[in-house]
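First to last, the sequence lines map onto chains F and Y.
Its first residue numbered 6, the first sequence is counted upward by one per residue in our numbering.
Its first residue numbered 8, the second sequence is counted upward by one per residue in our numbering.
These notes concern the structure reproduced below.
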Amino acid sequence: MTTPNPFQDEVIIGKAFDRRLMSRLLWYALPYRTPMAAVVFLILLVTTLSVAGPILFARAIDGPLKQTFTAVSPERTAALRDLLGLGGLFVLVSLLLVVLRYFEGVMMASVGQKVMNDLRLEVFKHLQQMPLAFYDHNPVGRLVTRITSDIEALSELFTSGVVTFVADIMVLAGITLTLLWVNTTLALVTLSALPFLLGITFVFRYKAQQFYREQRGHIAHLNAFTQESIQGIGIIQVFNQEEKNFRQYSAINGAYLDAFQKTVLAYSLYFPAVEVISTVALAGILYRGGALIEAGAITFGNLYLFYQFLGRFFQPIRDMAERYNVLQSAMAAAERIFKLLDTEEGMPVRTRSILAPYEKPKVAFRNVEFAYKDDELVLKNVSFSVQPGEMVAIVGATGAGKSTIIGLLSRFYDPARGSIEVDGVDVRELDKSALRKRIGVVLQDVFLFSRTIRENIRLGDSRISDSKIEQCARHVNAYRFIDRLPDGLDQVLKERGATLSAGERQLLAFARALAHDPEIIVLDEATSNIDTETELLIQDALEKLLKGRTSLVIAHRLSTIRRADRILVLHKGEIRESGSHAELIQQKGIYHRLSQLGTSSLS
Amino acid sequence: MKGRIATAWTQALRNVPKSLALPITLSASTLGVVHISRRGNRGFLGTIRRPVETFRFLYPYLRPHWRGYLLGLLLVPFSVAAGLSTPYLAGEAIRVLQDPHRQPGDLERILGWILTLSVAGGVGLFAVRFWIIGASRKTEFDLRNHLFRHLQGLDQLYFKSARTGDLMARATSDVESVRTVAGPVILYTSRTILLLAVAMPLMLSVSWKLTICLMIPLSLLTLAVRAVGPRVHEAVLKSQETLSELSSAGQENFAGVRVVKSYALEDDEIQSFTRITKRYLERNIALAMTAAWMGPIIGGVSDFSLVSLLLVGGTLMLSSELDLSDVIKFAGYQSSLLWPMISIGWVVNQYHRAGASVKRLKSIFEIEPLVREPAEPQMPEGLSIEGSISIRNLTFCFAEANSRRRPAPPDSGTQVVGGPALSNVSIEVPAGKTVGIVGRVGSGKSTLVQLIPRIYPPPDGAIFIDGIDVNRMALSTLRRAIGFVPQESFLFSRTVTENIAFGTESSEPEDVYAVAEITRFSKDIDQLPHGYEELVGERGVTLSGGQKQRAAISRALLVQPKILILDDALSSVDTQTEEEILKNLKRVTRGLTTIIVSHRISSLRHADRIYVLDGGKVAEQGSHDELLARGGTYAEVHRLQLLSDELASL
């Protein structure tokens with residue numbers, strides 16, 4: 006039994022040429038018009054020169070080699086000299102061709118790569134400007150595909166698609182013109198093979214592409230099936246499904262084999278067919294040529310020229326058939342890339358970057374409502390403020406909406422209703438980077454880059470000196486474990502710091518925040534189980550980090566909560582209680598119960 | 008990537024003169040610079056040893072398809088004859104044309120031969136390609152099947168230490184590069200050898216001087232391919248390396264978008280991404296600069312061989328040692344031999360690559376599964392399992408279990424080192440009873456239940472079902488008796504029905520509906536656009552964690568097991584639904600031995616006996632009420648969970 010192959014649509018069938026996409030693509034090539042022009046010039050030159058060799062050979066046959074000599078004579082010496090002259094010229098042309106072809110190849114590839122580099126950077130820059138909501142809807146894998154495989158597919162268009170297509174046509178035209186010029190009759194004999202060749206190539210291209218697509222679909226299916234079987238191997242084994250699963254695999258493998266055999270058949274037929282056609286053409290040339298030679302209408306040299314050119318005549322046609330597929334997948338990739346580039350940034354950009362020192366509260370939420378999905382309000386009418394220097398803790402059960410408060414304050418999202426103010430200014434009015442430099446956010450799930458610890462603390466801010474980094478790391482007790490690493494601060498973290506413990510990651514995040522020295526710290530305390538020793542280090546570090554700063558802390562630990570000047574109890578999207586620890590305990594409300602749950606279960 | 012390099016080759020080879028007599032076309036993709044594998048060791052010995060090793064490995068796969076290979080190889084002479092007859096006869100035609108005393112019909116006879124032999128050769132060429140490449144595809148089919156079957160038979164412990172990506176690479180690129188040896192390499196090797204064997208005497212009989220003039224440049228071509236090919240390959244690898252760096256940089260940026268945004272790092276990120284793309288650009292240009300040599304070299308050498316024919320042949324013509332027809336024949340041979348000579352270099356490169364692939368494939372085939380069928384399986388009395396489970400002094404350590412494997416896995420990941428996951432655990436589950444297991448993360452509860460159906464290899468004499476050591480039971484008997492619901496409910500990218508009916512050979516739709524009803528999954532299924540025929544997983548709808556878990560329970564129930572194991576299988580289901588499912592289970596699973604692993608006390612309340620695991624040991628045991636009365640860990644956890652439930656309902 007086989008499940009229908011869901012990967013048959015893997016290879017998008019699109020247009021091979023879309024004028025709109027193409028002109029937009031060429032726009033990216035515009036900065037490189039000079040090297041592009043040079044490539045076209047080189048192609049012309051190479052095409053012209055590559056017909057020179059056989060012509061020289063032919064001239065030798067008709068010139069110095071026309072007569073034979075039985076003894077040394079001045080005529081023979083002269084003929085030998087002429088032969089050497091022609092041979093020398095042939096050598097020169099060949100050498101020149103080697104050099105020109107090399108540069109042609111290198112330049113063509115370089116230009117293509119540069120254009121793609123520009124486009125790739127543009128896509129990446131565009132993605133950097135997209136709001137968080139965009140990332141929520143687009144899986145990382147898809148975005149990675151845009152900057153890798155899709156761009157790669159496009160680069161083929163530049164390195165081999167457009168330009169070589171033109172080149173092929175030029176070669177074809179060049180040879181045709183040469184042949185017509187040499188002998189019209191024989192040229193027509195040669196050209197008469199063209200319809201057959203084109204016909205057979207057309208059919209072949211159509212069929213081969215169809216088989217290839219089939220084959221690609223099956224191999225994608227096969228790979229996905231293998232991958233899934235490896236991932237789900239436990240289920241397969243425990244349910245005794247090895248045999249059935251193997252049969253399914255074998256069936257897909259068989260379908261792949263069949264599709265491949267069709268391709269093999271197509272190729273096995275095509276190449277011999279082309280050989281036969283060209284041999285028939287050769288026989289035609291020799292037949293007509295024989296009559297022409299008898300009539301003295303053509304020389305042996307020129308007859309040889311036709312013999313030589315016949316093969317070259319067929320190659321570009323075969324190439325053009327292959328080119329078609331490149332064009333098609335490039336167009337599909339271009340479509341996807343441009344669609345991404347045309348996605349506009351969701352949030353309006355404002356540019357009030359300078360904030361005056363303000364007497365008003367540092368942070369204020371005013372009647373804020375927010376929903377990730379249309380009808381499910383995560384925050385309902387939330388209002389609170391944080392005064393300068395104050396530490397406010399937010400507590401609540403999972404799903405109460407705590408993390409959303411951070412998301413809104415950092416302007417990852419905008420509220421549906423109400424407003425959020427920093428220093429008395431609506432965050433929507435603020436330049437994003439100014440806002441973010443003012444607020445230091447420490448997220449629960451500490452994200453580390455696969456770079457050095459130093460870079461992870463500095464995060465690209467060159468104003469932070471090495472000594473400051475070390476100082477900050479020491480201050481938040483992170484230096485103890487950093488010091489134990491072989492390369493210390495220059496230790497490269499592998500796989501986003503997967504080797505570090507949760508506590509160590511937390512300390513690094515503190516060092517990071519401290520180094521950037523923001524006025525306001527917004528912290529989502531980690532909930533992971535941390536050993537007692539590290540726990541104490543974290544408590545100590547937290548105190549140092551928050552000292553003298555305005556802070557808003559989503560707290561999970563009783564010790565942190567007790568330190569707060571004020572505690573807000575968020576429950577099901579609403580602020581239900583507010584006050585100091587002692588006050589709230591006395592109220593015997595939600596906070597009271599939460600505190601009974603103990604430190605570990607406050608999450 | 009692949010395509011781009013392939014096109015770089017096509018491009019490089021574009022202007023190369025290929026004359027009409029070119030019998031086999033090495034297209035850019037068959038030149039195969041694209042396969043990713045480590046470079047083999049070079050040098051003479053390596054060159055000899057590799058093909059031998061490779062063919063020894065391939066032999067069992069080639070043998071069933073010997074007819075195809077034999078037919079193909081027998082027809083090689085036809086294709087060779089055609090390849091050489093055209094230039095020879097074309098030369099003869101010129102000779103006739105030069106002859107002032109020729110008879111009418113002489114030329115026509117030669118042309119008749121050209122056409123006949125060309126058609127015959129075409130048929131030969133077709134047959135050679137079709138049989139040999141066709142047989143190689145069948146070889147590939149067998150090899151893939153064999154590899155898959157082998158992988159599927161390996162135990163979970165192996166998959167814990169092996170990376171899926173590596174295994175996928177074995178299954179794709181290594182199989183492909185070995186296949187190349189089974190097909191095109193055999194084809195080109197046999198053809199080239201025969202072609203040279205026929206062409207050399209043919210040429211030498213005309214002129215040894217001219218033969219040398221032709222063969223020296225053409226041999227250079229072989230060397231050039233040998234020299235440039237691996238360099239291109241290396242440059243390709245470097246470029247791919249940078250591409251994967253670029254790809255992970257992008258991935259990291261997109262995944263870490265929250266940090267990027269909260270620290271306003273966008274510009275810095277763009278800068279560092281630009282650095283990588285710049286390096287990628289440089290490497291690609293370096294690749295282009297290497298790969299771009301191939302075309303000009305082939306073109307150049309081809310031209311030079313023609314020049315030497317012209318000069319030497321011309322000189323010989325002037326002294327009447329040769330005539331025009333001889334030189335033209337040689338020019339024809341030149342184009343017949345050009346690609347075969349290139350293919351020698353390619354073939355050697357390919358052997359190197361395949362050698363490395365064979366080594367890696369062999370290392371996978373050598374791995375023996377730790378979970379194997381017993382030599383003499385014991386059957387339970389009455390041939391059907393009652394369902395009593397007895398775990399006696401079970402101690403299990405991943406590292407120890409893995410070290411039993413020969414050969415040792417090359418890359419034992421971090422997960423399989425460390426002390427025992429379980430020590431001295433004893434649990435009795437009478438047939439038809441329900442046992443609950445609780446414990447915090449890492450207490451070993453999941454490992455414990457995975458040992459029962461031998462997902463991990465248990466030691467001998469530790470786990471018994473109906474009094475028989477599970478290691479002595481036929482795997483199918485053992486596993487057929489167990490319905491297992493794993494912690495991570497893995498679903499396949501198939502339809503809902505196919506996933507639920509996964510464990511059965513055939514099942515009625517009513518049965519599927521029935522189990523979905525028990526697990527409260529049916530309502531959710533009805534919400535799906537295609538209901539039971541909806542495709543789930545990567546290419547279909549994404550189910551929520553709770554829905555997946557209910558699908559997984561349905562799957563386990565449908566096999567009508569004697570023993571049901573729920574490995575924390577209700578963690579993503581809300582409390583109320585959990586209660587309903589448990590109630591349903593209770594009703595339909597009367598007489599079913601059940602083990603429920605959970606971190607939630609509520610799921611265990613009704614178990615006949617509950618075990619609390621801590622650090623791989625049994626810390627507490629007893630019924631729900633007994634454990635509460637004891638006032639230990641269980642009682643404390645229970646109190647906290649009641650509180651959270653209460654809070655949630657506020």
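The beta-carbon is built from N, C-alpha and C at its ideal position, and this holds for glycine as well.
Contact with chain F by residue i, beta-carbon distance below 9 Å
i	result
Met296/Y	yes
Tyr641/Y	no
Tyr270/Y	yes
Tyr287/Y	yes
Ser226/Y	no
Trp300/Y	yes
His42/Y	Confidence in His42/Y is poor, its pLDDT being 33 and thus under 50, which makes the residue's placement unreliable; the coordinate value appears in the next sentence. No, no contact with chain F.
Arg367/Y	no
Gln1/Y	Beyond the ends of chain Y as shown, which are 8 and 657, falls residue 1/Y; an answer cannot be given.
Phe403/Y	no
Leu331/Y	yes
Beta-carbon separation (whole angstroms), residue i vs residue j, contact threshold 8 Å
i	j	result
Val397/F	Asp570/F	7 Å
Ile396/Y	Ile472/Y	6 Å
Ser273/F	Phe137/Y	4 Å
Val135/Y	Gly79/Y	5 Å
CB contact below 9 Å: residue i versus chain Y
i	result
Tyr33/F	no
Ser506/F	no
Ile180/F	no
Asp522/F	no
Phe209/F	no
Glu579/F	no
Ser358/F	With a pLDDT of 48 at Ser358/F, under the threshold of 50, the modelled position of that residue is not reliable, and no figure is offered here.
Leu413/F	no
Glu280/F	yes
Closest residue to residue i among the options (Cα-Cα distance)
i	options	result
Ala298/Y	Gly117/F, Leu100/F, Glu582/F, Val111/F	Val111/F
Arg70/Y	Thr61/Y, Ala97/Y, Thr146/Y, His108/Y	Thr146/Y
Ala264/F	Ser472/F, Ile224/F, Gln236/F, Gly502/F	Ile224/F
Glu60/Y	Ala361/Y, Trp346/Y, Arg637/Y	Ala361/Y
Ser506/F	His226/F, Glu524/F, Ile487/F	Ile487/F
Leu194/Y	Leu272/Y, Phe148/Y, Val83/Y, Glu183/Y	Val83/Y
Thr659/Y	Arg144/Y, Gln341/Y, Asp533/Y, Gly257/Y	Residue 659/Y falls outside the range modelled here, since chain Y spans only 8 to 657, and no answer is possible.
DSSP beta-bridge partners of residue i
i	result
Tyr618/Y	Ile444/Y, Gln628/Y
His576/F	Glu579/F
Asp476/Y	Phe471/Y
Arg371/F	Ser424/F
Lys378/F	Glu381/F
Arg571/F	Val397/F
Phe491/Y	Ile572/Y
CA-to-CA distance, residue j to residue i, given in whole angstroms
i	j	result
Leu154/Y	Phe372/Y	7 Å
Gln601/F	Val644/Y	13 Å
Ser605/Y	Gly439/Y	19 Å
Tyr275/F	Val269/F	10 Å
Gly331/Y	Leu182/F	Just to set this straight, residue 331/Y is Leu in the shown sequence, not Gly. Taking the straight line from one Cα to the other gives about 26 Å.
Pro200/F	Leu70/F	36 Å
Leu591/F	Arg598/F	For the sequence presented, residue 591/F should be read as Gln rather than Leu. Between Gln591/F and Arg598/F, the C-alpha separation is close to 11 Å.
Ser450/Y	Glu407/Y	18 Å
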